[in-house]
Amino acid sequence: MHLRAESPAISVSSGISGTSRIITGVSSDSVAFRSKASSKASNSEASMDAHRQREQKWMTLITTVPPEQARKNKKVRKLLGEGVPASVRYLVWSLMTNAKSKGVAGVYSQLSKRVRVAAFADMQRDVKRCFGEHPHLQSTEGPLVCLLQAYLTMVPDVQYSTGLTLIAGHTLLLAPEEDGFWIFVSMMDSALRPYFSPNSAQMEVDAALFSRALDSNDAQVSKKVLVDMGINPAHMCFPWFTTLFVGSLPGDYVNRVWDLFLYEGVPMLIRVGLAIFYCCRRAILEAASEDAILYYLKRPSPTWLPPTPDDFMALAFSFKVKDDDIRKQRIKMERQVKKQAQVQGARLVANSSGISLPRDA
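Read left to right, the sequence shown gives residues 1 to 361 (UniProt numbering).
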């Protein structure tokens with residue numbers, strides 16, 4: 001925290017000497033003010049120059065790095081750490097998701113004009129409720145409803161939930177409609193789609209990975225939440241992972257989370273979850289109910305967060321989490337869950353085939 005020195009007090013006395021001191025004080029304050037103003041202007045110019053340089057660096061990378069290699073490119077990772085200017089952010093997201101490889105001319109327009117999907121009324125309700133401050137997203141014929149309509153028409157096995165509206169809507173706050181659609185499709189295909197499946201296996205796996213990370217980083221809080229309160233890890237992670245933290249964190253924080261998530265993948269979700277736990281730690285330890293804890297985690301007070309998005313991301317990266325280990329454990333656990341599901345399915349088939357029906361007399 002940077003503390004600003006207070007201006008020296010000026011004592012006022014009678015007579016010429018007092019007047020002299022007043023004039024001297026005003027004069028020195030004036031000089032100090034001009035000096036500060038000049039310094040601020042200089043800092044502002046330097047900041048603008050740095051911003052333009054970052055823009056130029058990103059534009060160069062966007063035009064030279066093949067999208068399919070972006071998530072393995074060290075220059076991309078370095079620039080992500082330095083920051084992403086708002087003016088190029090959706091282009092960076094498009095690069096990171098390789099969205100252009102998904103896009104087919106004319107497909108989006110056709111999909112959005114199909115017969116309304118079963119969840120259309122729910123979509124309309126959620127759009128108005130979640131994006132009340134953005135009138136251009138709320139219309140029945142608006143970009144957000146059209147995007148969701150197109151996606152659910154294209155991928156009918158995805159179960160609609162409010163999280164889809166939050167993720168798609170946040171994408172459209174930065175990206176043009178059709179570009180936003182293909183970014184959304186790519187994000188869903190690469191990481192998120194299993195969270196919206198009738199089968200909750202992927203959520204259970206990732207929640208288990210999160211609970212392990214929580215226990216490794218804060219045993220006291222882990223014991224309070226997972227043992228003493230007996231909270232299911234999936235109940236904590238579901239509101240985060242199915243929304244990519246939209247609604248849980250301020251918009252500019254969400255932008256930085258997405259910047260890094262699109263490069264790092266699921267380990268970034270776990271890191272961000274740990275950061276939220278850290279910010280809510282005191283409230284969690286004092287909480288007397290499961291509902292209170294889940295509320296704090298879903299919507300932490302902005303005053304509990306670090307002052308800037310970059311400070312928040314620095315906190316997220318401060319935890320002891322081995323990203324490669326998480327990726328390996330995830331694959332192993334997914335195989336185990338799949339094997340268990342196959343065994344259970346075989347048992348059900350065996351049991352059903354063994355039922356003897358009564359014969360007609």
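For each residue, glycine too, the CB sits at the ideal point set by N, CA and C.
Exposed unless 16 or more other CB atoms sit within 10 angstroms - verdict on residue i
{"i": "Met48", "result": "exposed"}
{"i": "Asp259", "result": "buried"}
{"i": "Pro233", "result": "buried"}
{"i": "Pro309", "result": "buried"}
{"i": "Ser112", "result": "buried"}
{"i": "Ile331", "result": "exposed"}
{"i": "Ala119", "result": "buried"}
{"i": "Val76", "result": "buried"}
{"i": "Leu3", "result": "With a pLDDT of 36 at Leu3, under the threshold of 50, the modelled position of that residue is not reliable, and no figure is offered here."}
Identity of the residue in the options nearest residue i by Cα
{"i": "Ser301", "options": "Pro143, Ile284, Leu209", "result": "Ile284"}
{"i": "Ala121", "options": "Arg256, Lys332, Cys146, Leu192", "result": "Cys146"}
{"i": "Phe317", "options": "Pro307, Arg282, Met268", "result": "Met268"}
{"i": "Asp252", "options": "Asp311, Lys224, Asp324", "result": "Asp311"}
{"i": "Glu82", "options": "Thr60, Lys339, Gln124, Gln53", "result": "Gln53"}
{"i": "Ser211", "options": "Pro135, Tyr195, Ser222", "result": "Ser222"}
{"i": "Pro156", "options": "Phe196, Glu177, Cys130", "result": "Phe196"}
{"i": "Glu177", "options": "Gln202, Tyr108, Arg129", "result": "Tyr108"}
{"i": "Ala287", "options": "Cys237, Pro306, Met333, Asp228", "result": "Asp228"}
{"i": "Gln56", "options": "Ile276, Ile293, Val88", "result": "Val88"}
{"i": "Thr140", "options": "Gln124, Leu152, His134", "result": "Gln124"}
{"i": "Arg114", "options": "Leu294, Tyr151, Val84, Ser161", "result": "Tyr151"}
{"i": "Met59", "options": "Gln220, Trp182, Leu91, Ile276", "result": "Leu91"}
{"i": "Leu294", "options": "Pro306, Ile276, Met236", "result": "Met236"}
{"i": "Thr64", "options": "Phe319, Leu95, Ala46", "result": "Leu95"}
{"i": "Phe319", "options": "Lys74, Tyr296, Asp215", "result": "Asp215"}
Residue i versus residue j: straight-line alpha-carbon distance, rounded
{"i": "Thr165", "j": "Val127", "result": "7 Å"}
{"i": "Gln342", "j": "Asn255", "result": "39 Å"}
{"i": "Phe33", "j": "Ser44", "result": "Unreliable positioning characterises Phe33 in this predicted model, as indicated by a pLDDT of 42, which lies under 50. A coordinate reading is not provided."}
{"i": "Thr242", "j": "Thr171", "result": "14 Å"}
{"i": "Asn217", "j": "Gly132", "result": "38 Å"}
{"i": "Ser289", "j": "Arg327", "result": "33 Å"}
{"i": "Asp291", "j": "Gln202", "result": "24 Å"}
{"i": "Pro66", "j": "Val257", "result": "23 Å"}
{"i": "Val337", "j": "Gln329", "result": "12 Å"}
{"i": "Ala105", "j": "His51", "result": "34 Å"}
{"i": "His134", "j": "Gln340", "result": "45 Å"}
{"i": "Ala86", "j": "Asp324", "result": "30 Å"}
{"i": "Tyr160", "j": "Asn199", "result": "13 Å"}
{"i": "Trp182", "j": "Met154", "result": "12 Å"}
{"i": "Ile231", "j": "Ile276", "result": "16 Å"}
{"i": "Ile167", "j": "Val84", "result": "19 Å"}
{"i": "Lys224", "j": "Tyr296", "result": "14 Å"}
{"i": "Lys74", "j": "Leu173", "result": "28 Å"}
{"i": "Pro307", "j": "Cys130", "result": "24 Å"}
{"i": "Leu80", "j": "Ile62", "result": "13 Å"}
{"i": "Gln220", "j": "Met313", "result": "23 Å"}
Beta carbon of residue i nearer than 9 Å to that of residue j
{"i": "Trp93", "j": "Ala175", "result": "yes"}
{"i": "Gly169", "j": "Leu137", "result": "yes"}
{"i": "Arg278", "j": "Leu244", "result": "Correcting the residue type first, residue 278 is Tyr in the shown sequence and not Arg. It is not a contact, given that the beta carbons lie outside the stated cut-off."}
{"i": "Leu274", "j": "Val321", "result": "yes"}
{"i": "Gly180", "j": "Pro143", "result": "yes"}
{"i": "Val272", "j": "Trp304", "result": "no"}
{"i": "Arg116", "j": "Gln149", "result": "yes"}
{"i": "Val158", "j": "Glu334", "result": "no"}
{"i": "Ala191", "j": "Phe238", "result": "no"}
{"i": "Ile270", "j": "Leu226", "result": "no"}
{"i": "Arg299", "j": "Gly247", "result": "yes"}
Would you say the stretch 94-111 touches the stretch 181-199, given that touching needs at least three Cβ pairs under 8 Å?
-> yes
For the stretch 68-80 against the stretch 255-271, are there 3 or more C-beta pairs whose distance is under 8 Å?
-> yes
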